[in-house]
Every structure is written in C-alpha cells, then in structure tokens.
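From first to last, the protein sequence lines are chains A and B.
Here this note's numbering is used: the first residue of the first sequence is 24, the next is one more, and so on.
Here this note's numbering is used: the first residue of the second sequence is 3, the next is one more, and so on.
Cβ atoms here follow ideal geometry from the backbone N, Cα and C, with glycine treated the same way.
What you are looking at is a predicted structure, and each value in this text was computed from that prediction instead of being measured.
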Amino acid sequence: MVCVYRSAPALALALGLAWTLGALPAGAGALNVQRDDLQRDVTFAHEPRRIITLLPSLTETVCALGACDRLVATDRYSEWPQQVRSLPKAGGLDDAEVELIVALKPDLVLVSRSQRITDRLGELGIASFALQTDRYADIAHTVTTIGAILGRSREAAELNASIAAGVNRIGAQALLRRRGEGPTVYFEVDRAPYAAGPGSFIGELLARLGARNIVGADLGAFPKLNPEYVVRYNPDVIFISAMDAPGLAARPGWDQIRAVKEQRLCSFAADVNDTIVRPGPRVADGMRAIDDCLARVAP
Amino acid sequence: MSAPPALVGLGLPDLESRVSSRMLLWLAACLAITMLLTGASLIVGTSSIETSLGWLLAPDTQSSVILWQIRLPRTIGAWFAGALLGLAGAIAQGVFRNRLADPYLLGTASGAALGVTISLLAADASIAGLEWAGKIGITGAACIGACAAIALTIMLSRGVLQTASLLLAGIVVAFLLSAVTSLLLLTKPEIWRTMQGFLLGSTGYLSWSSASLLGIVFSICIVPAALLARGLDALSLGEDTAQSLGLPLPMLRLALLGVLSLATAAAVGQVGIVGFVGLVAPHLVRETVSVNHRQLLIGAPLCGGALLQAADLVSRWIIRPAELPVGAVTACVGGAYLVFLLWRRSRDE
C-alpha cells in the first residue's frame with residue numbers, strides 16, 4: 024500500500040501500527056519517502072503497480088522509464104506512446120472522473136500541482152503525488168522523482184542523461200551552423216496574441232537554439248501583447264499555428280513584418296506541437312522540430 | 003415641475019426646445035471627448051509618448067504603419083463598436099422597459115461564443131474545416147452565432163410580442179448555448195485561451211476594413227433607430243397605452259429588435275464580448291442630461307463609442323507593451339459606475 028503522512032509523529036505511529044499488525048512484508052527494507060511539489064512527504068511501502076496519470080507529460084515520463092504496463096488509466100489528452108491510447112481515460116486536468124479512478128483501485132495517481140483532485144482523492148483514501156513540470160529544469164526533477172517512486176532510479180538517471188545529451192547536441196549543432204547573431208523570433212501561442220516569453224519552456228528551447236525572442240523576460244512567461252509590438256520589433260521568424268498562419272498578413276500592419284513578407288513562418292502538426300509545448304521526456308524531439316524549421320526559414 | 007422624458011418625446015414644444023439646447027451642449031462635449039481620445043490613441047501604444055510624438059513629427063515607414071494602419075483604425079473601430087453597443091443597449095432598455103437590460107439579453111453573447119468555438123473546433127478537425135473556418139473567420143463565426151441565437155430566442159418566445167417570454171427565452175438560450183460551448187471546450191482545452199480572448203473582448207486587430215464595416219452597420223442602424231424613437235417613447239408608457247395610441251406594436255418591436263440584433267452581432271463579431279458598455283452608456287446619458295428616446299438613441303452611441311475608446315486606451319497603456327483585455331477594463335469601470343449609481347440612489351432615498 025501507498026500511504027500519505029503529513030507529519031513525523033503520525034508517520035511513526037502508523038509505521039508502528041503497521042509493523043505490529045504485520046501489514047509490512049518481512050524484509051521490506053527502508054521505506055521510500057518522496058516529497059511532492061505540494062510539499063507533502065509521501066511514503067511508499069512498495070512500488071506502485073496500478074498507476075493513473077492525469078497529465079500527458081507524466082504519462083510520457085512513466086512510459087519513458089519503461090513502466091507503461093503499470094498504467095491503468097490516463098487523462099484524456101495523453102496520446103503518447105501509442106499503447107496508452109487504449110487505456111481508460113479518467114477525464115482532464117480539472118474534470119477528472121473520480122468515480123472511474125476509484126473503481127480502477129489505483130495505488131498511485133500522478134497529478135500536477137494545480138489540480139483540485141488531490142484533496143478529493145485524499146478524502147477517498149487514494150494516494151496522489153503532485154509534480155509540477157513547467158520549465159526545462161523541472162523535467163530532470165520529475166524523471167528522477169518518478170524513477171525513485173517506481174524503483175527505477177537507474178533508468179531515470181539514464182533517461183536524464185539521454186535527454187540532456189540530446190538537448191545539448193541539438194543546441195550545439197544549431198549554434199555551430201549559425202554565423203553571427205541568431206534570428207529574432209516571435210512564438211505565438213494564441214492569436215489574442217499571447218506570446219511565449221523567454222521565461223516559458225518554449226522560450227528556453229528557443230534560447231538554447233540561439234534564437235532571440237522579441238518578447239522581453241520582464242513581460243512574463245505568456246504575455247498578452249499589443250499586436251503593434253510584433254510590428255514594431257519586426258521578427259525574422261514567426262512560429263504560429265497552422266490555422267492562424269494564412270490570416271497573418273490580414274492583421275493590421277502585419278503585412279509589413281519581415282517574417283510575413285518573406286514567408287519565414289513555422290507551423291507544426293499537432294503531434295509535433297505536443298513535444299514543443301509539453302515539458303517531458305520528448306523535449307529533444309520538440310527542440311529538433313524547432314531547429315529544423317529555423318534552419319529552413321531563418322535568414 | 004418637469005414632464006417625464008417619455009412625455010417630452012411625445013411632443014411638448016417648450017420643454018423639448020429647452021432640453022435640446024442642453025442636449026446640444028452635451029453632444030458637443032461628447033464629440034470633444036471623442037476627438038481628444040482619438041488624438042490620444044495616436045500616441046498611446048507600445049512606445050513611450052515621447053517616441054510616439056517623434057513618429058508623428060517625423061514618421062518613417064514602420065512608424066507610419068503603426069500610427070495610421072494600427073492605432074488609428076483601432077480607435078475608430080473601437081468607437082463604432084462602442085457606439086453600436088450603446089445604441090443596442092438604449093434600444094434594449096426601451097423595448098424591455100427595463101433599465102438593466104443590455105444588448106446581450108437575447109442570447110447574442112452566448113451564440114457568438116458558440117459560433118467561435120465551433121469554428122475553432124472545425125479548423126482543428128480537418129483540412130476542409132480549416133478552409134471553412136479560414137473563409138468565415140472568427141468574426142464571421144461570431145456574427146453567425148449571434149444571429150442564430152437571436153433567431154432561436156424569437157422562435158422560442160413565439161414572436162416578439164411578449165416581453166416576459168422574450169426575456170425568458172433569451173435567458174434560456176444564453177444558458178443553453180453556454181452549456182454547449184463549455185461541453186465543446188472540454189473536448190479541446192487548447193482552444194480555451196483563444197476563447198478567453200474572445201470572451202474578454204479585444205480591439206487589438208481592428209483594421210480599416212473592420213472599422214469601415216462597423217461604420218456601415220452603424221449608419222444602417224442609427225437611421226431606423228432614430229425614426230422609431232417615438233415608438234419607444236410611447237412604449238415606455240406601457241404596451242396597452244402604446245397600442246391605444248394606434249402604434250403597430252408587432253412591427254415596431256420587430257424592427258427595433260432587428261436593429262438591436264444587427265448592431266450587437268456586428269459589434270460582437272469584431273471586438274468579442276465587451277460587457278457593460280451597452281448597459282452603462284444609456285445610463286450615463288440619462289444621468290447627465292434629460293432626454294427623450296430620440297435624443298437617447300443619439301446620445302447613447304456617442305457615449306458608448308467614447309467609453310470603448312477610453313477603455314481601449316487604458317487596456318493598451320497600463321501594462322504596455324502587453325495589454326489588458328478590453329472587456330475586463332469595461333467591466334471594471336462599468337461595474338464600479340453601477341455600484342456608484344446604486345449607492346447614490348440609496349443615499350438619496
């Protein structure tokens with residue numbers, strides 16, 4: 024069983040009781056205690072075998088650690104790797120299907136920090152573990168923690184090394200290929216327009232590829248810009264959704280932007296886009312997709 | 003003792019002329035404020051005021067684009083959208099004889115939101131859907147959705163004669179379409195941010211073509227509205243009285259609701275759902291000058307236009323070069339104004 028304890032005395036008392044009642048298997052060894060991103064110490068008496076993930080990047084991490092067979096359900100947006108598509112879907116980020124989760128009798132539900140579901144699951148006696156993965160640095164932390172929970176610390180270390188090697192290699196190749204300053208870029212995450220700033224995960228990938236974001240770090244991770252800002256800073260390359268790309272020149276003044284005039288635009292298919300916007304084990308794939316487009320269209 | 007505005011509208015020459023001179027002064031003030039805001043809009047944007055003034059004095063290619071193709075059509079478009087909402091608000095309050103009525107009472111906002119959601123989902127679903135959505139655009143989808151919602155409301159209330167059933171049908175349609183929108187959004191959360199942009203209103207992409215379209219719709223709406231103003235004056239005395247005066251009530255209501263629908267759908271299509279302008283603009287007119295409906299139908303658009311222009315300026319100034327959703331600004335200002343009105347009324351009582 025996985026148990027959640029919020030204080031040291033309660034932990035000691037519960038352990039004593041469990042030992043007395045013979046709940047712990049003989050020779051279970053040291054208990055695995057991990058602190059989640061809600062600052063809760065979660066104790067794992069044994070490796071979880073029935074896991075539900077409620078965030079695509081967590082699903083991907085569990086599978087990248089070779090534990091896909093332990094998943095009994097995922098959130099409805101998890102579509103990678105292929106084998107998770109056939110699993111039951113337990114709702115979305117803010118509308119998780121509690122009844123289905125209870126019925127599947129998971130011994131661990133992996134969630135993100137912002138989910139309201141954590142408290143509800145606690146009331147129902149279902150263990151949850153919250154992991155927030157917003158930035159590049161969070162990926163390694165998430166992989167290490169899930170690896171420790173699943174008893175796959177060695178695989179986690181290998182995965183982290185492989186992710187870092189991939190990211191560093193693509194970054195180095197991009198910098199080697201380019202002579203002089205990198206292109207100025209505008210990454211539109213929504214037509215409002217919301218941009219990906221340097222403080223966002225996407226912004227970090229762009230910076231590692233030597234691209235210069237026209238959005239300043241002081242504006243935050245995803246600022247809603249005045250559209251004239253993009254005209255004023257005249258980016259060399261624009262990243263935009265396939266749906267919005269055809270209408271760019273119709274936006275007032277945008278036909279004067281270099282990237283629009285010279286059609287230096289990058290759009291990605293939905294499955295590729297997932298690797299760019301989800302900080303997870305496929306980060307190098309996302310970075311390569313961005314780099315391939317920059318190599319193709321940047322001046 | 004002064005006659006109520008409705009009676010003034012029905013023809014008391016001495017009172018009407020007295021009101022007219024005050025009204026003229028009010029109109030002049032309103033136009034002056036609009037001119038001032040239009041001028042200010044040229045120097046408020048992502049750049050500092052000093053830089054913008056420099057651009058005005060010595061423009062280069064890029065600054066010309068920013069000044070004349072972005073800032074000016076944006077403020078003019080915002081004025082027309084605000085004017086249409088002000089006009090629609092005044093008509094709604096007159097037709098429903100309720101000063102809390104607003105242009106979205108017939109379910110237009112929910113219909114427009116559903117239209118936009120469907121177009122975004124279609125664009126995401128297939129190449130054909132993307133082409134279809136690209137052709138009609140967010141603007142067209144919002145406009146179609148708004149018109150469909152109005153048609154549904156009128157169908158549900160079996161015509162436009164019964165105020166109570168129209169209101170009820172409008173509320174039902176608004177809730178129903180909002181629920182459908184929410185359900186659709188659940189299937190594709192990636193479009194939520196786009197929807198949020200639409201629901202909170204945006205003047206960011208108003209171009210000369212959208213400003214021209216809004217201007218044309220405003221011209222089409224203001225003429226019949228002004229012609230039907232006497233009918234609204236009569237209606238304010240009660241439906242029975244209006245009928246006893248020989249007014250063709252069904253035709254009058256249908257024509258007024260037609261104008262209201264056209265004005266609201268056009269505004270929502272271009273700037274999204276901007277709340278409070280349609281509600282507050284007629285109140286602002288009534289609070290500052292005594293008017294009959296003809297004067298109200300001219301004053302409310304002027305007031306609504308200036309309001310949305312001001313909100314647009316605030317939205318692009320406060321956190322520049324980022325900007326606030328214009329609907330959030332109008333909601334804050336409009337909400338605060340309504341609270342002030344309530345407070346003053348309770349104090350006077």
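Under the DSSP definition of a beta bridge, Arg235 of chain A partners with A:Thr207. As for any alpha helix (DSSP H) of minimum length 4 sitting wholly inside the segment 173 to 209 of chain B, the runs are 194 to 201, ordered along the chain. Of the residues B:Gln95, B:Ile72, B:Ala324, B:Ser221, the one whose Cα lies closest to the Cα of Trp210 of chain B is B:Ile72. Residues of chain B whose Cβ lies closer than 9 angstroms to the Cβ of Met266 of chain A are, in chain order, Leu122, Ala125, Asp126, Leu132, Ala135, Gly136.
Thr155 of chain B is positioned such that its CB atom lies no closer than 8 angstroms to that of Leu102 of chain B. The DSSP-derived three-state label of Asp59 of chain A is coil. Counting along the chain, no beta strand (DSSP E) covers Asp297 of chain A; the unbroken alpha helix (DSSP H) around it starts and ends at 293 to 300. Note that the C-beta distance between Leu310 of chain B and Ala80 of chain B is below 8 angstroms. In the DSSP annotation of this structure, the continuous segment of the alpha helix (DSSP H) that includes Thr141 of chain A starts and ends at 140 to 146. For the segment 218 to 251 of chain A, the residues whose beta carbon sits under 7 angstroms from a beta carbon of chain B are, in order, Leu242, Pro246, Lys247, Leu248, Asn249, Pro250, Glu251. As summarised for the segment 98 to 161 of chain B, there are no continuous beta strand (DSSP E) elements at least 3 residues long confined to that stretch.
Spatial neighbours of Ala87 of chain A in its own chain (CB-CB distance under 6 angstroms, excluding positions within 5 residues in sequence) are listed in chain order as Leu182, Pro304.
Out of A:Ile172, A:Tyr100, A:Gln155, A:Leu154, the CA that lies nearest to the CA of Arg93 of chain A is found in A:Ile172. Annotated three-state conformation of Val46 of chain B is coil, per DSSP. Per DSSP, Asp157 of chain A lies in no beta strand (DSSP E) and is assigned neither H nor E. Within the same chain, and ignoring the five residues on either side of Ala148 of chain B in sequence, the residues whose Cβ sits closer than 6 angstroms to its Cβ are Thr110, Gly113, Ala114, Ala267, Val270. Phe67 of chain A is classed as buried because its beta carbon has at least 16 other beta carbons within 10 Å across all chains shown.
Of the candidates B:Ser246, B:Ile222, B:Val287, B:Arg296, the residue whose Cα lies closest to the Cα of Leu264 of chain B is B:Ile222.
By the CB criterion at 8 angstroms, Leu110 of chain A and Ser135 of chain A fall outside the cutoff. Proximity of the segment 175 to 187 of chain B to the segment 45 to 64 of chain B falls short of the contact definition, fewer than three beta-carbon pairs being nearer than 8 angstroms.
Taking CB atoms only, Ala324 of chain B has a neighbour in chain A less than 8 angstroms away. Residues of the segment 286 to 320 of chain A with a C-beta less than 7 angstroms from any C-beta of chain B: none at all. Under DSSP, Cys223 of chain B forms no beta bridge with any residue.
Nearest to Phe245 of chain A by C-alpha distance, out of A:Asp59, A:Ala218, A:Tyr252, is A:Ala218. Inter-residue distance for Val107 of chain A and Thr97 of chain A is about 7 angstroms (C-alpha atoms, whole angstroms).
Around the Cβ of Thr141 of chain B, a 10 Å sphere holds 16 or more other Cβ atoms; the residue is buried. Rounded to whole angstroms, the gap between the alpha carbons of Leu299 of chain B and Phe82 of chain B is 14 angstroms.
A residue is called buried once 16 or more other Cβ atoms fall within 10 Å of its Cβ, and Ser128 of chain B, having fewer, is exposed.
In the structure shown, Val276 of chain B adopts coil according to DSSP, grouped into three states. Three or more Cβ pairs closer than 8 angstroms define a contact, and the segment 268 to 276 of chain A falls short of that threshold against the segment 232 to 244 of chain A. Where Phe262 of chain A is concerned, the enclosing beta strand (DSSP E) starts and stops at 260 to 262. When DSSP states are grouped into helix, strand and coil, Leu288 of chain A belongs to the strand group.
Straight-line spacing of the CA atoms in Ser212 of chain B and Gln272 of chain B works out to 7 angstroms.
Residue burial annotation: Trp345 of chain B is exposed, with fewer than 16 other C-beta atoms found within 10 angstroms of its C-beta. Separation of the CB atoms of Leu89 of chain B and Ile224 of chain B is rounded to 7 angstroms, and the pair is thereby assigned contact status at 8 angstroms. Pairwise C-beta distances place the segment 308 to 325 of chain B out of contact with the segment 244 to 256 of chain B, as fewer than three of them are shorter than 8 angstroms.
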